[in-house]
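Engineer:
Chains as they are written, first to last, in my numbering: chain A, 2 to 310; chain B, 11 to 337.
1) Over what stretch of residues does the beta strand (DSSP E) that includes residue 250 of chain B continue unbroken?
2) For the beta strand (DSSP E) containing residue 241 of chain B, list its first residue and its last residue.
3) Looking at the structure shown, is residue 322 of chain B part of a helix, part of a strand, or coil, going by DSSP?
4) So the candidates are B/295, B/302, B/207 and B/274; which of them puts its Cα closest to the Cα of residue 282 of chain B?
5) Spell out whether any CB of chain B is found under 8 Å from the CB atom of residue 207 of chain A.
6) Tell me the start and end of each unbroken alpha helix (DSSP H) in the stretch 85-141 of chain A that is at least 4 residues and wholly inside, in chain order.
7) Our contact map puts residue 66 of chain B next to residue 114 of chain B with C-beta atoms below 8 Å; I'd like the distance itself, whole angstroms only.
8) Can you find a C-beta in chain B that's less than 8 Å from the C-beta of residue 198 of chain A?
9) Taking the alpha helix (DSSP H) that residue 268 of chain A falls in, what are its first and last residues?
10) Extract the residue ranges of the alpha helix (DSSP H) inside the stretch 119-205 of chain B, only unbroken runs of 4 or more that lie entirely within it.
11) Hey, is residue 222 of chain A's beta-carbon within less than 8 Å of any beta-carbon in chain B?
12) Please list, in chain order, the chain A residues whose beta carbon lies closer than 9 Å to that of residue 99 of chain B.
13) Check residue 227 of chain A in the structure and name its three-state DSSP category.
14) Mind checking residue 224 of chain B: buried by the 16 CB within 10 Å criterion, or exposed?
15) Using 8 Å as the limit for Cβ to Cβ distance, is residue 221 of chain B near chain A?
16) Which residue wins for smallest C-alpha separation from residue 258 of chain A, given the options A/49, A/105 and A/302?
17) From which residue to which residue does the beta strand (DSSP E) around residue 32 of chain B run?
18) Of all the CB atoms in chain B, is at least one closer than 8 Å to the CB of residue 203 of chain A?
19) Using a threshold of 8 Å, state whether the C-beta atoms of residue 81 of chain B and residue 21 of chain B are closer than that.
20) If I measure Cβ to Cβ from residue 270 of chain B and keep anything under 8 Å in the same chain, skipping five residues before and after, which residues do I get?
21) Along chain A, in chain order, which residues have C-beta atoms closer than 8 Å to that of residue 102 of chain B?
22) Could you run through the stretch 114-145 of chain B and flag, in chain order, every residue whose CB is less than 9 Å away from some CB of chain A?
23) Alpha carbon to alpha carbon, how far is residue 193 of chain A from residue 127 of chain A?
24) Counting pairs of beta carbons, one from the stretch 86-97 of chain B and one from the stretch 273-285 of chain A, are three or more of them closer than 8 Å?
25) Between the stretch 26-39 of chain A and chain B, which residues of the former have a C-beta closer than 9 Å to a C-beta of the latter?
26) Expressed to the nearest angstrom, what Euclidean distance is found between the alpha-carbon atoms of residue 103 of chain A and residue 47 of chain A?
27) Give every residue of the same chain whose Cβ lies closer than 6 Å to the Cβ of residue 121 of chain A, excluding the five residues on either side of it in the sequence, and list them in chain order.
28) For residue 220 of chain A, which of A/288, A/118 and A/31 has the nearest alpha-carbon?
29) Report the rounded CA-to-CA distance for residue 324 of chain B versus residue 247 of chain B, giving the unit in angstroms.
30) Going by DSSP, which residues form a beta bridge with residue 106 of chain B?
31) Taking 8 Å as the cut-off, decide whether the C-beta atoms of residue 343 of chain B and residue 174 of chain B are in contact.
32) Could you check how far apart the C-beta atoms of residue 194 of chain B and residue 205 of chain B are, in whole angstroms? I think they sit under 8 Å.
33) What three-state label does DSSP hand residue 265 of chain B in the structure shown?
34) For residue 218 of chain A, return the contacting residues in chain B, with the cut-off set at a CB-CB distance below 8 Å.
35) By the three-class DSSP mapping on this structure, what secondary structure does residue 87 of chain B have?
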């Protein structure tokens, strides 16, 4: 415990607005801002977002047609990151791909946290037959190898002739749906041990509702776990999407994504001779994932009140 | 005489385990009057806590089940209320504190949030009213720098302070009854005395009834008005505190009193009651203490003695006194 000066109650009043009850969110926010890595991660991530969502409007090639005669040019003053085999500007492709990859990564993670968090809490808290049903469902999904399911679902999407722009929403949902299982199990096991703690009996004794007990008393206790696995989830979803796109089941050309661009490295000639095709998306994925992990780490620390600043 | 606030009538709480039925509370009847301190005494596993949890209707089911009897609280039968009505009683009309103050507070919520919560739930206070009331409560339980404590987390406080906070939370809605389940067991002796003083003071200020569960006869002598002695799920003796200490009747109670160290008297060894608490599974219809009792007679191993009162209101369940009360 840090030193508390007994004779200075006024100092405390200056620091905190007494009218506002302190909350875990506000405290966490203060702790978060004091973490250097968190700020670095935040800066990188903000940059990635601006780069992807605002950047394309500054590109002179936004309306450019495909021109094979300008294909496979190395980086130059005109095309900073060169062009691909169809003569498209790689920098612009990188920006547009970022939109897709970031959206898929974050949306899929939100779905994972939502489904996994809810089902995991319910299974852990209520137990009994609810627990059995949810966990057996999770086991079934867990037991099926991921790739065959993705291939199957991708084939179904192609059969149903879902237009390419909408496919990314389906991809998000599929990614979310097959990966909520791990988080649900994690949260369930935590809740199982937490609900036996005496402070949960204390909430019982206070006559609180179940919803309040779960949301206000249990959830903040599992929050660190959720945050860490969610941040890892964003990175995982970006990578899964690239696997999916590589198999032709995720986003389809001409829509670009980082994962799809990265798959250029599978071509031996591109890999050996044209590094400008696959290095930039690789760096973009790496930077984003590292930034998100920094933020996740900082958030976990920030939500743990035992960690003193 | 004040009227009865709580009345246990033939309460039976059983646990169904794989080995058999554990009759944790078996036909227990006693009552607590308004503003009275009743101590429930007995060794571990005799059903003290289960009695209290039955009153709160917090017996986990399965394996536990309240099999019979009534618990009348303030004119209502607790066992017949709906879950929603029960929630309005818990924390609002009956407060409860536990043995282990280190784990009874949620580690990720500030003290303030935890005190304010029942106020906002039961008394429908706004955040600001609850905040002010919480500060008042913290001061009442004798903690200085209330504002600072409000924004602290439980791990920043000592065990004694946490138990005070638990008391503040339990008192927040002005309950008519406070159940304290071994509130001082986890604390050291000086803090123990402070907490007991605090409980006594608060009880007098608010004319609140106190149901104190303990196995420490020192605490009983200090704070109780009335004592209920339990053994293996049954009440075996109950009496006003002075009467019980002056004139213990049941051989078990006598043994307990003899097992206490007396200050100023050197003894090589303290007295112990011979034998062990019987296995709670599958007890027959006989006095459960008979195996350990020096005065056991044939009848003790054949029939369960009933609780009966003498002219002083001193109740005991023992065949030794059978003839006495019949007269």
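Here a beta-carbon is modelled for each residue, glycine too, at the ideal position from N, C-alpha and C.
Structural biologist: So, to answer that:
1) Counted as a single uninterrupted DSSP element, the beta strand (DSSP E) harbouring residue 250 of chain B occupies residues 244-250.
2) From DSSP, the beta strand (DSSP E) with residue 241 of chain B extends over 236-241.
3) DSSP, read as helix, strand or coil, puts residue 322 of chain B in coil.
4) Distance check between residue 282 of chain B and each of B/295, B/302, B/207 and B/274 places B/302 closest, using alpha-carbon atoms only.
5) Output row for residue 207 of chain A: interface = yes.
6) As far as the stretch 85-141 of chain A is concerned, its whole alpha helix (DSSP H) runs of at least 4 residues are 91-127.
7) About 14 Å separates the two Cβ atoms, so there is no contact after all.
8) So yes, residue 198 of chain A belongs to the interface.
9) Neither: residue 268 of chain A is in no alpha helix (DSSP H) and is coded neither H nor E.
10) The stretch 119-205 of chain B contains these whole alpha helix (DSSP H) runs: 121-132, 137-150, 156-160 and 169-181.
11) Yes, residue 222 of chain A lies at the interface with chain B (some Cβ there is under 8 Å from its Cβ).
12) Under the 9 Å cutoff, chain A gives 208.
13) When DSSP states are grouped into helix, strand and coil, residue 227 of chain A belongs to the helix group.
14) The residue is buried, with at least 16 neighbouring Cβ atoms inside 10 Å.
15) It does not: the Cβ of residue 221 of chain B has no partner Cβ on chain A nearer than 8 Å.
16) Ranking A/49, A/105 and A/302 by Cα distance to residue 258 of chain A puts A/105 first.
17) That run of the beta strand (DSSP E) goes 31-43.
18) So, interface residue.
19) It is a contact, given that the beta carbons lie within the stated cut-off.
20) Correct list, in chain order: 227, 228 and 280.
21) Within chain A, the residues near residue 102 of chain B are 208.
22) Of all residues in the stretch 114-145 of chain B, 114, 115, 116, 117, 118, 119, 120, 122, 123, 124, 126, 127, 128, 131, 132, 137, 138, 140 and 141 have a Cβ within less than 9 Å of some Cβ in chain A.
23) If you draw a straight line from the Cα of residue 193 of chain A to the Cα of residue 127 of chain A, it is about 9 Å long.
24) Contact fails: fewer than three Cβ-Cβ distances are below 8 Å.
25) Result list: 28.
26) Between residue 103 of chain A and residue 47 of chain A, the C-alpha separation is close to 11 Å.
27) Around residue 121 of chain A: 185, 188 and 189.
28) The shortest Cα separation from residue 220 of chain A among A/288, A/118 and A/31 belongs to A/118.
29) Between residue 324 of chain B and residue 247 of chain B, the C-alpha separation is close to 8 Å.
30) Partner(s): B/189.
31) The first residue shown for chain B is 11 and the last is 337, placing residue 343 of chain B beyond what the model contains.
32) Correct: roughly 5 Å between the Cβ atoms.
33) Three-state result, residue 265 of chain B: helix.
34) 116 and 119, listed in chain order.
35) Strand.
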